[in-house]
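Residue numbers (my numbering), protein chains in the order written: chain G, -14 to 567; chain H, -14 to 567.
Even for Gly, the Cβ is constructed at its ideal location relative to N, Cα and C.
The next block holds one structure in the form of structure tokens; read it before the comments.
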């Protein structure tokens, strides 16, 4: 037995006991006649003391040779500390060491194993096993594990069955690019790695499993944007004999449970908002509603004056920035620069200062009088002391621009407290979205989402207007889950695939197995999938998902630590009947 | 809301309530004026009654059109049944239907959805979603889910953290063949799918996670033997600061917990046996110890007589078959045929009948007298009434043959009751095994297993004799888990890789990341991995793992239902810089 206790365990009540501890040398202080060592493991830190009077001489000598991150085992007596450390749970005791064994030495680590490390990102990734020793990363992994446990607990208690679905599946053309896996046993054929277990979970519903979930790895061979991994984890769920309302209630329950047990936060019933409303009010289908700053549309009150920019715009829209009237000219100029950055893309910004005395001062005073501007204030909800920021242009674009500005200002104003949680259901998503590049409609969610029955008639006449039984769960401005009520009959599924540009042959070839299944008594069903990586990061109050993943990949999809992907040898290629075509 | 209750829920106490149910038509009986329908869902069956006197006429008419597996919704009143069915929990009530809605029709299913189905294997696989509706498969999936939940619960309670390790990793040459995944972002390079998260869990130990587990999919691109899947699931575990004893205790605890909560069986402390002893006593490193029939070695008492076959054999070994003395000549001849089948491969079999009167009758009476045969009986533990079966030849082969015979006879004698559980630790496995084909030693477990310190000196002189700190957990003749104490220092790891035929360059190229990690304070550590598929099947009292997998693949690695793997298009190949070389 290497240890009798962990390093987070001993208290005053243990004084007098002989114990064996093991762990890493966090640091040591050598006062000549006395040496203190902080011994660390996952559970905490315990102070060791080597004392010339009370510790065998050779142990003291050996203690002097200990470097940071050496792995040691000590035997000794728990004694009360003279100067207590109130900051750690073991701070009232220390171990008077009688025996010291070095279990493994360590080179000097390339960065400090401290909460605030001196290691840069790349170095920390290369030595990820050292990075994981640091409390922030270690605690993130423990936190992630807890979220997964509590998710499983909640869903199991609700009669959900966790079923494993295959990882080696068939490639389908819809959605993002598939990773493919050549099959040695089936010449010239490939498996794909799943982007989600979508069709399998639907088959489980056809199979009568009634309530399914799985915490499951999924894969997407996309060019990686910042903080997006080629492999990611989903909480994947599906229920039979349900309407949208049943699903929203169930997964509102799950989210509320997680917020309660993981964050200790009680949240009221989640508000709901239609997609159209979210776009209109926040310019965004995943609005952060921790704060207001709702959009005020100004076409009525700002057009038909002499200001051509506005008159020619499809949409004039503004937000009120709390206490923004105090911004200096320079600060406002910087804000204008900010919205004109290519990442945002606005051509300019009009502003109105709402002075404390009720008067207004705007950048377009030439065109608008006080009465006009008072109407702007009313439309944006601005009160004296606020700054109204107004953008104009093509509706879609200007909404996205103003949304970016709204988020940026809220961040600057400290309105995006990661300890505050504001969940929101966004419902009634459009079924289809037009893709300029391919000149056809794509499924906004996926091809299995059902249209709202009352909108079915629009499918032929005005496809873009058809609403879907689809919903997203938004938390603090992030989409953390999305789902839909599915199509469960062959005819509707065939119709939908037709609208997505599939010929009947293609539809049969790709999704025939699912449509066949629908002919044998498929129940009404629907579901949702949560992105676990993002969910964990948000609940954990952090922006980046990478620090909640033990071994993440960098933006080229590379594991910098183990050097994957790598070349495989010619023999393997030959066995797979593949040739490289470089 | 599609239903107020499930079909397994209603009892006499609910009589008088108006309820809404939904589910599948299991069967219907049409008596003209009355129609009974068994309505099924995951939770059970509820009987519906359509009655000309009490049900609206058009509902009765509609009920007459219902076919098997139609999905329906009914509203009605819970009434007490006249003739009660004591076999099902809902058997005291039925629903007097007032409203009937057909939610989805069904074609006639290709096989019956009954516990005993008329569907053959292939058909059931092709329509797996229908097969899952059958109780045996459905209950297996629920059982599997329960084993996973209880595993997670037990390990979490013991402070294990579940950490997800990557699926897209680096290909390594040791072990079985890897599935590979071409990387579009890194030309000419490939990921591999993990055969186990071995190196990652060791890095987590170096990273101080202390206790890790994961229930995780692993992959092996092997030719598939019967009931072996290319993707399989492991309960993967690792602990730091442990000796073998700590690991055995921890995972004996897990197994005991599972047997208790999943099977309701209390098992005494698990016996332990060395690998050598298992081979000697049972001819097998995963002996089924639900029954005796231990091997008796007969070289001493059977050689040096006039029987040349035995005199020339490396090993003469027998087992006592309980009550086998009563076998007829014909039955014994059949047994001899059985051991001579190519799958077993014995050249013949000598037998001795131990008569009830204490006398013996053998097939080699010419060479051995009663006194000789009494010694055979003593060595094999045979008592009057038993049959002694004796094989001879090269030790390895003859042990395997006798082991096969032992298992076959035990099956025939009904000694392998799937409701009886006999776990066993097999310890002290050899570190290396000689491979004739490649003319070199291979790691019996894997290259990270540590040799026993006391055997280290044999590494150069007699490598085959070196024992490892390796152990298997055996349950009813199946290896359900295996693990080892790992090497945790660079020098020993390099030495081991050298013995496995790696040049220092190859060792560095393949496992440099791990050996580097060992230089930064790697703690002593070890672990174990359980094959979840096999474990679940054995706990579930069944032989085949396939029926515990929702969507298994056939022996060609194909998913017969969705037709995977399949061809990918030329554009995808081009993007991956691959050419097919058929």
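Within the region 89 to 131 of chain H, the runs of alpha helix (DSSP H) that reach at least 4 residues and sit entirely inside it are, in chain order, 106 to 111, 113 to 116. Assignment of residue 184 of chain H by DSSP, reduced to helix, strand and coil, places it in the helix class.
In this structure, the alpha-carbon of residue 287 of chain H lies about 14 angstroms from that of residue 280 of chain H. In this structure, the alpha-carbon of residue 434 of chain G lies about 7 angstroms from that of residue 455 of chain G.
Between residue 343 of chain H and residue 369 of chain H, the C-beta gap is smaller than 8 angstroms, which places the two residues in contact.
Residue 531 of chain H and residue 212 of chain H do touch by the CB rule: their CB atoms are close to 6 angstroms apart, below 8 angstroms. Just so you know, the alpha carbons of residue 153 of chain H and residue 258 of chain G end up roughly 39 angstroms apart. DSSP links residue 514 of chain H through a beta bridge to H/221, H/467. Sequence-distant Cβ neighbours of residue 28 of chain H in its own chain, meaning closer than 6 angstroms and more than five residues away, are -9, -8, -7.
Under the three-state reduction of DSSP, residue 25 of chain H is assigned to strand. A straight line joining the alpha-carbon of residue 541 of chain H with that of residue 271 of chain H spans about 28 angstroms. In the three-state reduction of the DSSP assignment, residue 388 of chain G falls in the helix class. For residue 443 of chain G, the enclosing alpha helix (DSSP H) covers residues 443 to 446. Of H/502, H/89, H/469, H/477, the smallest CA-CA separation from residue 228 of chain H is found for H/469. The beta carbons of residue 388 of chain H and residue 268 of chain H sit about 3 angstroms from each other, so the pair counts as a contact at 8 angstroms. Nearest Cα to residue 107 of chain G within the set G/100, G/96, G/101: G/96. The beta carbon of residue -14 of chain G sits closer than 8 angstroms to some beta carbon of chain H. Taking CB atoms only, residue 323 of chain G has no neighbour in chain H less than 8 angstroms away. Boundaries of the alpha helix (DSSP H) around residue 317 of chain G: 314 to 325. At least one beta carbon of chain H lies nearer than 8 angstroms to the beta carbon of residue 185 of chain G.
For residue 507 of chain H, the closest alpha carbon among the candidates G/38, G/87, G/39, G/513 is that of G/87. Within the region 409 to 454 of chain G, the beta strand (DSSP E) runs of at least 3 residues that lie entirely inside it are, in chain order, 417 to 420, 425 to 428. Residue state for residue 168 of chain H is assigned as coil, using DSSP reduced to three classes. Secondary-structure assignment with DSSP links residue 19 of chain G through a beta bridge to G/36.
With respect to the 8 angstroms criterion, residue 525 of chain H and residue 186 of chain H are not classified as neighbours on the basis of their beta carbons. At least one beta carbon of chain G lies nearer than 8 angstroms to the beta carbon of residue 153 of chain H.
With its beta carbon at least 8 angstroms from every one in chain H, residue 181 of chain G lies outside the interface. Straight-line measurement puts the Cα of residue 443 of chain G at about 47 angstroms from the Cα of residue 203 of chain H. In this chain, residue 290 of chain G is not harboured by any alpha helix (DSSP H), its DSSP state being neither H nor E. Residue-level contact check: residue 171 of chain H touches chain G, since one or more beta carbons of chain G fall below 8 angstroms from its beta carbon. By alpha-carbon distance to residue 160 of chain H, the top candidate from H/558, H/515, H/171, H/177 is H/177.
Inclusion of residue 482 of chain G and residue 432 of chain G in the CB contact set at 8 angstroms is warranted, their separation being smaller than that value. The secondary-structure analysis by DSSP pairs residue 86 of chain G across a beta bridge with G/58. For residue 200 of chain G, the three-state secondary structure derived from DSSP is strand. In chain order, 114 make up the part of chain H whose C-beta sits under 7 angstroms from the C-beta of residue 502 of chain G. Within the region 497 to 555 of chain H, the runs of alpha helix (DSSP H) that reach at least 4 residues and sit entirely inside it are, in chain order, 517 to 524.
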